[in-house]
Amino acid sequence: GGKLIGYVCYSPVFLKSTYDVSGYILSPLAVSPEYQSQGVGSALINSGIDMLTKDGVGVLLVYGDPNYYQRFGFKEEIGRLFVPPYPLTYPVGWTGMTLNAITTSGTPTKFDCVSALSKPALW
Ligand SMILES: CC(C)(COP(=O)(O)OP(=O)(O)OC[C@H]1O[C@@H](n2cnc3c(N)ncnc32)[C@H](O)[C@@H]1OP(=O)(O)O)[C@@H](O)C(=O)NCCC(=O)NCCS
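Numbering-wise, the working numbering comes out as the position in the sequence shown, counting from 1, plus 113.
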């Protein structure tokens, strides 16, 4: 009905390595309180995963409650391969998932993100 009830943003990450991996970060995600627990958040995440997978993106990263995000396939061991630009207040919340096959040496790589997320207080 034209009412905004939820929002999600996916933005690219810029790896500081020679890894040939296209990465995105999911942030922010929010659903209006009166519309929560009706599948809106899951729909915003699953449709993003579908779009990014079709676009050939290799990895999707997220910083949030792992109790929520793990149901979509986000895993701590994928997050560990990609080192955020700022120290994390809640390291347990840093996870990732592969969408298409990726090749890495297994050595964690640092990355930069878009300017809207380049604020230490967000991490
Ligand atoms: C997290 C959020 C986006 C989920 O949106 P939603 O539309 O309610 O999500 P869904 O309907 O797809 O899923 C709801 C389920 O997730 C669960 N859930 C919500 N937040 C959770 C959390 N932090 N940890 C574990 N489970 C969580 C709900 O209990 C519900 O469980 P159920 O399916 O067993 O009933 C919404 O609660 C929100 O906007 N929260 C405030 C902002 C926020 O925390 N954003 C994420 C920042 S990383």
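Built from N, CA and C at the ideal position, the CB exists for glycine as well.
With a minimum length of 4 residues, the unbroken runs of alpha helix (DSSP H) contained wholly in the stretch 127-191 fall at 153-167, 179-182. Burial of Gly171 is indicated by the presence of at least 16 other C-beta atoms within 10 angstroms of its C-beta. Taking Cys226 as reference, the option from Pro198, Gly177, Gly152, Lys167 with the minimal CA-CA separation is Pro198. Cβ-Cβ distances below 8 Å link Val126 to Gly136, Tyr137, Ile138, Leu174, Phe195, Phe224, Asp225, Cys226 in the same chain, with the five nearest sequence neighbours on each side left out; the list follows chain order. Ile215 and Ser231 have their C-alpha atoms spaced approximately 25 Å apart.
Residues close to ligand 1 by the beta carbon criterion (under 5 Å to any non-hydrogen atom) are, from first to last along the chain, Leu142, Ala143, Val144, Gln149, Ser150, Gly152, Val153, Gly154, Ser155, Gly177, Asp178, Asn180, Tyr181.
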